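Protein chains in written order, with the UniProt record's numbering: chain R, 1 to 785; chain D, 1 to 241. I have placed the structure first, in the form of structure tokens, so that the comments after it can refer back to it.
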Amino acid sequence: MSGIMFRKTLRDLRRRLPQFAAITVTVLAGVLLFVAGYDSYRNLSSSYDRTYERLRFADLTADGGSPDRSADAVRGAPGVAAVTTRTQADRPLRIGGDKLIGRVAGLPAGAQPAVNRVEVASGRGLSPSAPDGVLVEKHAADTFGLSPGDRLRAFDGTRWRSLTVRGVAVSPEYLWPARDRQEVLADPHSFAVLFAPEATARALAGPDAAAQTLARMTDRARGGGAEREAAAALRKAGAAHVTERAEQASNATLHEDLKGFEQLALGFPVLFLAAAGVAAYVLITRLVLAERKVIATFLAAGAPRDKVVRHYLGHGLLAGTAGGVLGVLLGMLATSGMTHAYTAALKIPDTVVTTRPPVLLAGLLFGVAVGLLSGLAPALAASRAAPAEAMRGDGGRLRPPGPWSRAVGRARALPLTGRLALRELTRSRRRTLATMTGTVLALVVVLASVGMLTSMRSMMNVQFDDVQRQDATVTAGPAAGDLTARLRATPRVADVERVTKAQVTVSSRGRSYATSLGGYERGTAMHGFRADGGGDARLPAHGVLAGKALADRLRVSVGDTVTVHAPDGRTARTRLAGLLDEPLGTAVYSTRDTARTLTGAAGNAYELRFAPGTGEAERDRARARISGVDGVVAYADTQALRHQFDELLSLFWVFVGAMLALGAVLALTVVYVTMTVNVAERTSELATLRAAGVSLRRIDALLAVENLTATLLAIPLGLAAGWAAASVSLRSFNSDMFTLDLDLGPTTLLAASAAMLAASLLSQLPAIRVVRSLDIARVVRERAQ
Amino acid sequence: MTRTATARGDVRLRGVTRTYGTGEAALTALDDVDLDLAPGELTVVLGPSGSGKTTLLNVIGGIESADSGCVRVAGQELTAHPPRELVGFRRERIGFVFQFFNLVPTLTARENVEVMIELTGRGDRRRVPELLDAVGLGDRADHFPAQLSGGQQQRVSLARSLSTDPDLLLADEPTGALDQTTGKAVLTLLQETNRQGRGVLMVTHNASIAAIAHRVVTMRDGRVHSVERNAAPAEAHSVGW
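Structure below.
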């Protein structure tokens, strides 16, 4: 851009500083969100990877079969870097007054394993000289307040054995403390992981010991054909189920979270940049219209059209570049903060903060591109101005009214102000469409954010009101006998049912899926079975029901036969009698009789409900009392999980609040720019009205009616677009671990619509101020010249 | 496009027709117009509204094409060339002055002149102070249009059009938005410009202005109604209306 024209561009920007500043801020918000979101997303991924690399996280985890045979099958195979075996079992634990199901995993005493190492965060590592010394996984240590020297007890199937905490460990398997893919969200007091010397783990596991073979691939072989061959070799060697790294519960949960980050990093910036583009388009178009005769003069004098195009592109380019540069700078600062905050909240041991020039460059280019694209249409329009226009005066170019204007004109029942405002809608379709686009984009931001929150809340309501109807689950030892009566005698316990719980692997035609089996009475009041496709399902007398994701995982249909592998190695075939729609996890259900046939386990747990109105203190007392009952080895409070989830959601409100604020900024920017342009384009008309004695209130009302009508017209479109965006966004989270259905109630939709109208009213205040401060004499004199 | 002469500002039109619209809505703005203007003449085109004056100016200036006929201006053949192909011709040969000045409000008087040199690549920026002095605005060079009177703005517009040293200056109602005093000042400048050898073609509905012209063309209904030569053009400052 050359000297004088560049000076003109700068002065044009200065003349319309508030509008261009609003556009720059919106570009800034979009670029900031992109840079901070995308870099944080990549940083988190890198942080996980660094921990995985440092602690040699397994690529394949094989359960069942002979560990030695499985290990031999892959040791030395192409792409396999290391192989190790270990014992793992879920065992009842007593930590303080809590009884829970813990997981004991074996480690070489005095050395790190080749795969799935642990990092001792405090205390000492395992020692051959201390067979009862264990490491407690960090999340459990934090939950139960355990530190080196503390004691806890583990049930080995026959008796409680005392163990000593030697240290607190971070494990790549439990960066997110998920027991399995069915319970990625659990009552933190109902699960803990211990790392014990291999011999101790084997002794604690007893007959329930699950042998595991862990394989780690070379970096080059990871995720490729060699890994698939290694997994196949493990299955061939007798492994009942092979879990790939991507499927591992903790890693999969973290990656679901990353997916959300990725959406935030890509989806929301697009909305902001689009809004900035629309606002810039309106503003630059206005500028071109205002300077049309000057442009025609230049063209008449032989100025090349490309110079005119470049000049008007410059306005958008400067605003976009300024927003881009500021967005990149602030994004760099925010990236580090966001990454550190996130890894700290998730207790990820490694935090990798990398500045990625391509991301910064992309952010900057987004800003530049928004400026260029938004300025392109008006710039081209400017270059197409007929030089002959320079000869014409302002008058004499009245267009005949269109059908809308004629229809409004006939609606004599409407007050004149209303008719005038409604006619304005089609007088500048560009402006009306811009206002509508701003409203639609803002509603998409708002509904996509709020929809996530309301849908998650709805998901939890369905899970804990319709599906898991029990208030607590009690696990009993094998020799406990029937505890139903004793549990029912506990104060505030209203109902108790004996159930069967087992970890199983379901397979079909070479595919397998590790999950949990729940055995209930056919008319159980503790669990609701929501049939896939609607309605309630009933436990079949024979066969099993399963979460609908199982059908995709195993490529089976209702009526097919599947094989169930029990922890003790037995296998049984059964019919898939139906599919269920459950928000959390993909579990398998049967009657207790069927569960006994499939796994050999019978009535090893109880689900209970408290009387209505039972308070938290009474529940805690009940928990303590039941934990003290002989034969009870674990107690999990469903409400505690719900409470934990509510806390998580309250944190999520911060995100939603930020998005609502940004959505408001977005709507305000677009409507503010269109309204000020509206007033600028109609300065003489409004000044004439004022000169004729029309009251300011009437003129304010005129602008308000016009603006609110455009907003109202856009609201149904915005609601539909917001609904669609929220729905697509949520669907991307759906997996065998979560099923999120969009839930946007009428209250939410009404509130969002009201917010848009309020934003619309608010954003026209500056324009109204301009009208109030119009120098009528000056405007009329200028036009007369 | 061929250039065969070096004379400043000669015009030759033969059978030029220009029609807007089609069918019943068709409006013939120029109807078989023949016109010859000698180089270095000051010509005034008179006529009522809708007589085709401005269209004539546009066709001569190469910003509108004739539907038929031949147009030759400042030694260049314009016939059959659409306006977009005449950018170079306009840049090198033609200067425009408009009734409504069409100045850039965010540029000073000096910058409004300089911008034309910058955009067209013609002219010398060092001459801008001289041009502004010539139109009597040397002391207003750093004023923005809003700080100038209508007459001053029109003088800036004149300096701007002269900055590219055109052969022919086309002025569309240059005094139409001005009072008599400032209008006469602008006419004086146009006359001075003409006396420097540059052709000037001025469209106006003000018959009094015709007194300063070498040649007066009267148009009616798209046709040249009369062409009169003025043997002794009056001084611009002496005319009144």
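Backbone N, C-alpha and C define an ideal beta-carbon position, used for all residues, glycine too. These numbers were taken from a predicted model, which means no experiment stands behind them.
Please decide whether residue i counts as near chain R, where near means a Cβ-Cβ distance under 8 angstroms.
i                : result
leucine 119(D)   : yes
valine 115(D)    : yes
asparagine 58(D) : yes
proline 82(D)    : no
aspartate 10(D)  : no
Checking 8 angstroms against the spacing of the C-beta atoms, do residue i and residue j come in under that value?
i                : j                   : result
threonine 297(R) : phenylalanine 89(D) : no
residue 786(R)   : lysine 138(R)       : Here chain R comprises residues numbered 1 to 785, so residue 786(R) is not present and cannot be evaluated.
leucine 425(R)   : threonine 709(R)    : yes
alanine 476(R)   : alanine 605(R)      : yes
valine 16(D)     : leucine 30(D)       : yes
arginine 7(R)    : glutamate 111(D)    : yes
alanine 233(R)   : alanine 77(R)       : yes
glycine 327(R)   : glycine 363(R)      : yes
glycine 157(R)   : glycine 206(R)      : yes
leucine 27(D)    : tyrosine 20(D)      : yes
What's the C-alpha gap between residue i and residue j?
i                : j                 : result
alanine 460(R)   : arginine 642(R)   : This sequence places methionine at residue 460(R); alanine is not what is there. If I take the Cα positions, the gap works out to 7 angstroms.
leucine 545(R)   : leucine 264(R)    : 36 angstroms
threonine 54(D)  : alanine 290(R)    : 23 angstroms
alanine 203(R)   : proline 172(R)    : 24 angstroms
aspartate 743(R) : aspartate 552(R)  : 24 angstroms
arginine 222(R)  : aspartate 59(R)   : 7 angstroms
threonine 213(R) : alanine 252(R)    : 20 angstroms
valine 294(R)    : asparagine 102(D) : 5 angstroms
alanine 322(R)   : leucine 360(R)    : 14 angstroms
glutamate 521(R) : aspartate 581(R)  : 20 angstroms
tyrosine 38(R)   : alanine 22(R)     : 24 angstroms
aspartate 257(R) : glycine 451(R)    : 17 angstroms
alanine 691(R)   : serine 684(R)     : 10 angstroms
threonine 351(R) : alanine 334(R)    : 15 angstroms
alanine 141(R)   : leucine 608(R)    : 28 angstroms
proline 378(R)   : leucine 17(R)     : 19 angstroms
tyrosine 48(R)   : lysine 307(R)     : 51 angstroms
valine 679(R)    : methionine 5(R)   : 26 angstroms
aspartate 593(R) : threonine 748(R)  : 46 angstroms
threonine 599(R) : valine 504(R)     : 8 angstroms
aspartate 471(R) : valine 446(R)     : 34 angstroms
threonine 739(R) : leucine 185(R)    : 13 angstroms
Report buried or exposed for residue i, applying the criterion of at least 16 other Cβ atoms within 10 angstroms of its Cβ.
i                : result
aspartate 90(R)  : buried
arginine 570(R)  : exposed
alanine 640(R)   : buried
arginine 769(R)  : exposed
glycine 367(R)   : buried
lysine 236(R)    : exposed
glutamine 154(D) : buried
What does residue i reach in chain R if we use C-beta pairs closer than 9 angstroms?
i                 : result
methionine 219(D) : Correct list: empty, because the minimum Cβ distance to chain R is about 15 angstroms.
arginine 91(D)    : Ala301, Gly302, Ala303, Pro304
Which residues in chain D sit within 7 angstroms of residue i, going by Cβ to Cβ distance?
i               : result
aspartate 12(R) : Thr106
So which residues of chain D does residue i contact, with C-beta pairs closer than 9 angstroms?
i             : result
valine 671(R) : None at all; the shortest Cβ gap to chain D is about 26 angstroms.
Residues of chain R with a CB under 7 angstroms from the CB of residue i: which are they?
i               : result
proline 63(D)   : As written in the sequence, residue 63(D) is isoleucine, which differs from the proline given in the question. Near isoleucine 63(D) (Cβ distances below 7 angstroms), the residues of chain R are Ala300, Pro387, Ala388.
threonine 17(D) : Residues of chain R passing the Cβ test: none, with the nearest at roughly 17 angstroms.
glycine 88(D)   : Gly302
Hey, is residue i's beta-carbon within less than 8 angstroms of any beta-carbon in chain D?
i                 : result
methionine 460(R) : no
alanine 303(R)    : yes
glycine 3(R)      : yes
threonine 683(R)  : no
valine 770(R)     : no
arginine 7(R)     : yes
Under 8 angstroms between beta-carbons, which chain R residues line up against residue i? List them in chain order, please.
i                 : result
glycine 50(D)     : Simply none; closest approach about 11 angstroms.
glutamate 111(D)  : Ile4, Arg7, Lys8
asparagine 102(D) : Lys293, Val294, Ala296, Thr297, Ala390
threonine 79(D)   : The premise fails here: threonine 79(D) is roughly 18 angstroms from chain R at the closest Cβ pair, so nothing lies under 8 angstroms.
Starting from residue i, find everything on chain D with Cβ-Cβ shorter than 8 angstroms and list it in chain order.
i              : result
arginine 15(R) : Thr106
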